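Reading through the structure tokens given below for one structure.
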Amino acid sequence: MNEIVDRRNIKDFKTITFSKYKKSDAKKELVKSLLSGKLEDASYWSAEFISAGQFLYLWEIFILVISKNIHIGNPKLPIYLDMRINAFKDILNGGYSNNILKMRNNEKIRKLFAEVCCVICYSKKKNSYDVPKISESDFDFFYLTNKLSAKNKKHGRQSFKNEDPSEIFVAINELAWNISNKNKDTYKAIYWVEWILEYHKICKKKKIQKICARRQYPVEGKFQKEMVWIIWDVILVESKKRGDGLLKINTSLLNIFCLKYQESIKFKRKLIIYYALSMLTENYDLKLPVLKNVEIAEKIKSKINIIYKEIKKSEEKPATDYLFNNSINNGNLEKTIDKIDKLNTMTFIPRN
């Protein structure tokens, strides 16, 4: 009754959702719903992406919101998200690898994403990070000297290897010092990460190859010699000093950072790095549960197919001729939002 049967393939959903909304517009609605705690709305928009087979795109939205707008507001959230991503991978590898669209009808998948939406909606929101801008003067030796605060060069030695470019040792040493238990300076730590990432861009622009020692992180071998892994070495070295709980959280953040890793990911997901830094530099309560009211998650999961029944109305049936239209107009979007409001009365999920 709520199983989706549609003639379109995954390529047809490159720029649109299942009901032909622009992905960018649907993303805005989903983010707005997640930030305002509107669970039913968030579940609807995530279902639009799921029905279109846009799973990685949906995970990226979740990762962005968690690292930008929640971070230390829900300290153990990375562990939860890492577990759910692994559960997703298990289902994917269980027979859907060659046809990811079929996964939209999997009950476990539908409930998994509904639960993730619930956890994000009910997580305490925090302000985004204050990220310093790096300019050309930041690479001037005399100007840079004024930025140094580490008392000696020992802080970065545990993370630095002989094959690593010596030009970035000072930045690595400063980063290690600013996340140490003695200093804990989030802004300065972020500054040095930004400096390293910008240095990478400059080298690439000038076609200067900077190869680091290979580090055995869960990415393709061709990416294992990038500068970003020295940053993660620094984070994990300090995390180990603080106990298993913090190490587990930052290891989960690392796993999320490595998801479908490509060269551009280091910039696209740099907020995950800042999340890990803030776990070492900020105050938070590790006793907080990932989700206080588990019953809310169970209720939305039990009602999730009501949403898919509504989305099913937008099917392009195999034997039906249709006019493919990639556009979305405001009237159509407003009608959908009205539909969501009606669905809200059917799902009986309490609002914040």
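Counting in the working numbering, the sequence shown runs from 2 upward without gaps.
Backbone N, C-alpha and C fix where the C-beta goes; we use that ideal spot for every residue, glycine too.
As the structure is a computational prediction, the values presented were derived from the model and not from experiment.
Between SER37 and GLY74, the C-beta spacing is not below 7 Å. In this structure, the alpha-carbon of LYS69 lies about 23 Å from that of ILE51.
Across the structure, GLY244 and ILE231 are spaced so that their CA atoms are roughly 21 Å apart.
Of the candidates TYR58, PHE56, PRO79, PRO79 places its Cα closest to the Cα of ILE67. In the DSSP assignment, MET280 falls within the alpha helix (DSSP H) that extends over 271 to 282. Rounded to whole angstroms, LYS314 and ASN3 show a C-alpha spacing of 10 Å. The Cβ atoms of CYS119 and ILE308 lie no closer than 7 Å to each other. The closest CA to that of LEU149, considering only ILE236, LEU113, THR187, ALA172, is found on ALA172. Secondary structure of ILE135 (DSSP, three-state): coil. The Cβ atoms of PHE114 and SER47 sit closer than 7 Å to each other. For LYS226, the closest alpha carbon among the candidates ASN163, LYS241, ASN184, ALA277 is that of ASN163. Here LYS207 is not bridged, per DSSP, to any residue.
For ILE5, the three-state secondary structure derived from DSSP is coil.
If you keep only unbroken alpha helix (DSSP H) runs of at least 4 residues inside the stretch 10 to 98, you get 24 to 37, 40 to 52, 56 to 66, 78 to 93. The alpha-carbon separation between ASP42 and LEU82 amounts to approximately 20 Å.
Contact between the stretch 173 to 190 and the stretch 210 to 220 is not established, with fewer than three Cβ pairs separated by less than 8 Å. For ILE212, the secondary structure class from DSSP, reduced to helix, strand or coil, is coil. A distance below 8 Å between beta-carbons, with the five flanking residues on each side excluded, links VAL194 to the following residues of its chain, in chain order: LEU176, ILE232, LYS271, ILE274, TYR275, LEU278.
Non-local C-beta neighbours of SER34 in its own chain, meaning closer than 7 Å and more than five positions away in sequence, comprise ASP42, ALA43, TRP46, ordered along the chain. SER98 sits exposed, since fewer than 16 C-beta atoms from the chains shown fall within 10 Å of its C-beta.
Taking a 10 Å sphere around the C-beta of THR18, we find 16 or more other C-beta atoms and assign the residue as buried.
Assignment of MET228 by DSSP, reduced to helix, strand and coil, places it in the coil class. At the C-beta level, ASP139 and ALA214 stay beyond 7 Å of one another. Taking a C-beta distance under 7 Å as the contact criterion, ILE5 and ARG105 qualify as a contact pair. For ASN147, no alpha helix (DSSP H) segment is defined, and its DSSP state is neither H nor E. Nearest in C-alpha terms to LYS189, of all of ASN147, SER240, CYS122, GLY95, is ASN147.
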